[in-house]
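Just below is one structure, and these are the notes that go with it.
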Amino acid sequence: MKFFVDTADVDEIKEIAATGLLDGVTTNPSLVAKTGRKFTDILEDICKVVEGPVSAEVAATDYATMIKEGKKLAKVADNIAVKVPLTMDGLKVCKELSDAGTMVNVTLCFSAAQALLAAKAGATFISPFVGRLDDISHDGMQLIADICTIYNNYPEFETEVLVASIRHPMHLVESAMMGADVATLPPKVIHQLFKHPLTDKGLAAFVEDWKKTGQSIL
Ligand code: E4P
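So the sequence shown is numbered by numbering that gives the first Met the number 0: it starts at 0 and just counts up by one.
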């Protein structure tokens, strides 16, 4: 399973990339707005740190402008995945860019039917938003299960299931159990993954007991 980080903060990305566990990055207009920086500058910085796919979302919603924006974003670096919304125009852009060899991440997916359309449009990634579904009392993880089942039924679909809007570690664990290809995680959730109270307690005991031996390994 691939781990992407969901942020446009280059320092956060550098910190997580240093673990060697990072496979890619997703950004969106809200995350870019938080930085106060120029979008293309951020993308150039991220692509210097991360070799895997870096999702860059178009800002327009009409086909003509989205296709121009997508082509411009794709030129920033070879590992840019252009992110488009799951609309009819967005999927037209997806098909055109995918056919031209550009990676495309189709975002704002909230139904299995939409995921089916994105696969037919040649998307590299489909981004179903589990947390936002949970927020309105729908079952976000059931959507991941449904998409994985559908995509597995049709081996000709090459679209990877990229679980988005993850809010806590169990979203990741359940996604992995379902066989999702990618999870994009907020930095806070990545930090939570490392933590377990029994790890902290056990480590403190080992450190204390080691002191009693009076030895040094080095
Ligand atoms: C990722 O591509 C999405 O933009 C992101 O996961 C959305 O997460 P949110 O629902 O927490 O904003």
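Glycine included, C-beta positions come from ideal geometry on N, C-alpha and C.
This structure is a prediction, so every number in the text was calculated from the model and none was measured.
*By DSSP, does serine 126 sit in helix, in strand, or in coil?*
strand
*CB of phenylalanine 128 to nearest heavy atom of ligand 1: below 7 Å?*
Between ligand 1 and phenylalanine 128, a heavy atom-to-CB distance of less than 7 Å is present.
*asked:* I believe alanine 117 touches cysteine 93 by the beta-carbon criterion, under 8 Å. Please report the beta-carbon distance rounded to the nearest angstrom.
replied: A Cβ-Cβ distance of about 7 Å is found for the pair alanine 117 and cysteine 93, placing them in contact under the 8 Å criterion.
*List the DSSP bridge partners of methionine 177.*
Methionine 177 is not bridged to any residue.
*asked:* Whether or not the region 122-131 and the region 156-166 are in contact is what I'm after, with contact meaning three or more pairs of Cβ atoms, one per stretch, closer than 8 Å; do they touch?
replied: yes
*Selected residue, minimal CA-CA separation from alanine 16, among Met177, Lys37, Gly51*: The shortest C-alpha to C-alpha distance from alanine 16 to any of Met177, Lys37, Gly51 is the one to Gly51.
*asked:* Just to confirm before moving on: does the CB-CB distance between glutamate 225 and lysine 82 stay below 8 Å?
replied: With the chain represented from 0 up to 217, any question about residue 225 goes unanswered, as that position is not in the structure.
*Flag aspartate 5 as yes when its Cβ comes closer than 7 Å to any non-hydrogen atom of ligand 1, and as no otherwise.*
Answer for aspartate 5: yes, Cβ within range of ligand 1.
*Let me know if serine 54 comes out buried or exposed under the rule of 16 or more other beta-carbons within 10 Å of its beta-carbon.*
buried
*Using alpha carbons as the reference points, say which of Lys67, Arg36, His190, Val188 lies closest to valine 9.*
Arg36
*Identify whether asparagine 151 lies in helix, strand or coil by the three-state DSSP scheme.*
helix
_Considering only the alpha carbon of each residue, which of Lys187, Phe109, Val4 lies closest to isoleucine 229?_
Examination of residue 229 is not possible in this model, given that the chain is present from 0 through 217 alone.
*Measuring alpha carbon to alpha carbon, tell me which of Ala76, Ala32, Asp138, Lys119 ends up nearest tyrosine 150.*
Lys119
*Opening and closing residue of the alpha helix (DSSP H) in which phenylalanine 2 lies*: No alpha helix (DSSP H) contains phenylalanine 2, which is instead part of the beta strand (DSSP E) from 1-5.
_Sequence-distant residues of the same chain with beta carbon closer than 7 Å to leucine 20, five excluded per side_ = Phe2
_Measuring only the C-alpha atoms, how far is lysine 13 from threonine 183?_
16 Å
*asked:* Within 10 Å of its beta-carbon, does threonine 198 have 16 or more other beta-carbons around it, so buried, or fewer, so exposed?
replied: exposed
*Please name the residue in Asp134, Met140, Thr6, Lys47 whose C-alpha comes closest to that of threonine 34.*
Of the residues Asp134, Met140, Thr6, Lys47, the one whose Cα lies closest to the Cα of threonine 34 is Thr6.
*beta strand (DSSP E) containing proline 84: first to last residue?*
79-84
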